[in-house]
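So the structure is just underneath, and the comments pick up after that.
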Amino acid sequence: MVAWKSLVCLALATVGAYAADAVEKREEPPTLVARAGTPSSTGTHNGFYYSFWTDGAGDITYTNGAGGSYSVTWSGNGNWVGGKGWNPGSARNIGYTADYRPNGNSYLAVYGWTTSPLIEYYVVESFGTYNPSSAASKKGTVSSDGGTYDVLSTQRVNQPSIQGTATFTQFWSVRQSHRTSGTVNMANHFNALEDCWPETSALTTTRIVPTQKLTSAAGKREPVTV
Numbered sequence: 579m580v581a582w583k584s585l586v587c588l589a590l591a592t593v594g595a596y597a598a599d600a601v602e603k604r605e606e607p608p609t610l611v612a613r614a615g616t617p618s619s620t621g622t623h624n625g626f627y628y629s630f631w632t633d634g635a636g637d638i639t640y641t642n643g644a645g646g647s648y649s650v651t652w653s654g655n656g657n658w659v660g661g662k663g664w665n666p667g668s669a670r671n672i673g674y675t676a677d678y679r680p681n682g683n684s685y686l687a688v689y690g691w692t693t694s695p696l697i698e699y700y701v702v703e704s705f706g707t708y709n710p711s712s713a714a715s716k717k718g719t720v721s722s723d724g725g726t727y728d729v730l731s732t733q734r735v736n737q738p739s740i741q742g743t744a745t746f747t748q749f750w751s752v753r754q755s756h757r758t759s760g761t762v763n764m765a766n767h768f769n770a771l772e773d774c775w776p777e778t779s780a781l782t783t784t785r786i787v788p789t790q791k792l793t794s795a796a797g798k799r800e801p802v803t804v
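Quick note: to get our numbering, add 578 to the position in the sequence shown (first position is 1).
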C-alpha cells in the first residue's frame with residue numbers, strides 16, 4: 579500500500595502547461611490584472627488557493643474574483659493553466675459554474691498532482707477543438723454525477739512537474755457529454771485512479787478547478803466560480 583500525497587488545484591487548463599513548480603508563492607495577493615498579460619504566480623485569495631502558469635506567449639489575463647471565482651481572457655498563441663481550489667485537497671465534492679466558450683484547444687477541468695507516486699491528473703468536464711483522450715491509452719470508464727467518463731493515461735518522459743523535471747503518469751477522466759456547471763465527486767475519480775494502479779491507496783490531494791489552454795488565437799472570457 580502506497581500513501582499518496584498530492585499538490586493539486588482546480589482550474590481551466592491546457593495540454594503542455596506543466597511548470598507549476600516554477601512559480602512564485604505569495605499570501606493574500608491583490609487581484610491579478612496585467613496590461614500585457616498576467617505573470618505566473620501562486621498564492622491564496624479569499625480563502626482559496628490559486629495557481630496561474632503561462633509560458634509567456636500570447637496575451638493572457640487571469641483575474642481572481644470574489645470567493646472561489648476567477649476569469650481568464652486570452653489572445654494569440656501560447657500555453658497557460660490557471661484556477662482556484664485547495665492545497666492540500668481531499669476527495670471532496672466540487673461544485674462549479676462556468677461561462678466557458680472555447681474557440682480552439684482548451685479544457686475545463688479539475689486539475690492536480692499526487693506525489694508518491696508522481697501523477698498529474700485531470701477530470702475534464704468540457705473541452706474545445708481537441709479531445710484530450712485522443713492521444714491517451716484507455717483504461718475503462720467510470721459513471722459519476724449523471725454522466726460517463728472515459729478513464730485514460732499517458733506517460734510523460736523528462737517533463738516539468740511539481741518535483742522538477744521528471745518522468746510521470748498523466749491520468750485523464752474525460753466526461754463524454756460536455757457540461758459547464760455541476761458537481762464533481764472526486765472520490766469516484768480517485769477510486770478509478772486506484773483501480774488503474776491497485777498498489778496505490780490512501781489518497782491525499784490538492785486540487786484546482788482550472789482552465790488550461792493550448793495554442794488558440796481567439797480571446798474569450800471564462801468566469802468560473804467554485
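A virtual CB, placed ideally from N, CA and C, is assigned to each residue, including glycine.
Verify whether the separation of the beta carbon atoms of residue i and residue j is less than 7 Å.
i, j, result
"T732", "A744", "no"
"S619", "F630", "yes"
"R753", "G724", "no"
"V712", "L686", "It should be pointed out that residue 712 corresponds to Ser in this sequence rather than to Val. Not a contact, by the Cβ cut-off of 7 Å."
"V688", "V762", "yes"
"G682", "G643", "no"
"A669", "F768", "yes"
"S759", "T641", "no"
"W664", "T632", "no"
"Y699", "G690", "yes"
At the level of alpha carbons, what is the spacing between residue i and residue j?
i, j, result
"V735", "F746", "7 Å"
"I638", "H756", "24 Å"
"K805", "D773", "The question about residue 805 has no answer, for the chain in this structure spans 579 to 804."
"I697", "S653", "30 Å"
"D599", "V720", "Caution is warranted here: a pLDDT of 29 is assigned to D599, below 50, making its placement in the model unreliable, and no coordinate value can be reported."
"P680", "G667", "27 Å"
"G718", "N671", "22 Å"
"A770", "D728", "10 Å"
"N624", "P617", "20 Å"
"P710", "P695", "22 Å"
"G646", "M764", "18 Å"
"S684", "Y708", "8 Å"
"L730", "S722", "16 Å"
"Q737", "S751", "21 Å"
"P801", "T651", "Because the pLDDT of P801 is 49, which lies under 50, any placement of that residue in the model is unreliable, and the question is left without a value."
"N766", "Y648", "26 Å"
"S615", "S739", "Reading off the sequence, residue 615 comes out as Gly, not Ser. Roughly 23 Å separates the two Cα atoms."
Assuming the contact rule is C-beta atoms closer than 8 Å, residue i and residue j should be a hit. Round their C-beta distance to whole Å, please.
i, j, result
"G661", "G636", "The Cβ separation is near 17 Å, so there is no contact."
"Q741", "T693", "7 Å"
"N628", "G621", "Reading the sequence as shown, one finds Tyr at residue 628 and not Asn. Correct: roughly 6 Å between the Cβ atoms."
| query | Can you give, in chain order, each stretch of the beta strand (DSSP E) that sits fully within the segment 734–758 and has at least 3 residues? | reply | Secondary structure in the segment 734–758: the beta strand (DSSP E) runs of 3 residues or longer, each lying completely within the stretch, are 744–753 in chain order.
| query | Fully enclosed by the segment 653–740, which beta strand (DSSP E) runs are 3 residues long or longer? | reply | With a minimum length of 3 residues, the continuous beta strand (DSSP E) runs that stay inside the segment 653–740 are 657–667, 671–676, 683–692, 697–705, 715–722, 725–737.
| query | Residue ranges of each beta strand (DSSP E) run of no fewer than 3 residues wholly in the segment 615–655, ordered along the chain? | reply | Qualifying beta strand (DSSP E) stretches, in chain order: 619–623, 626–632, 637–642, 647–653.
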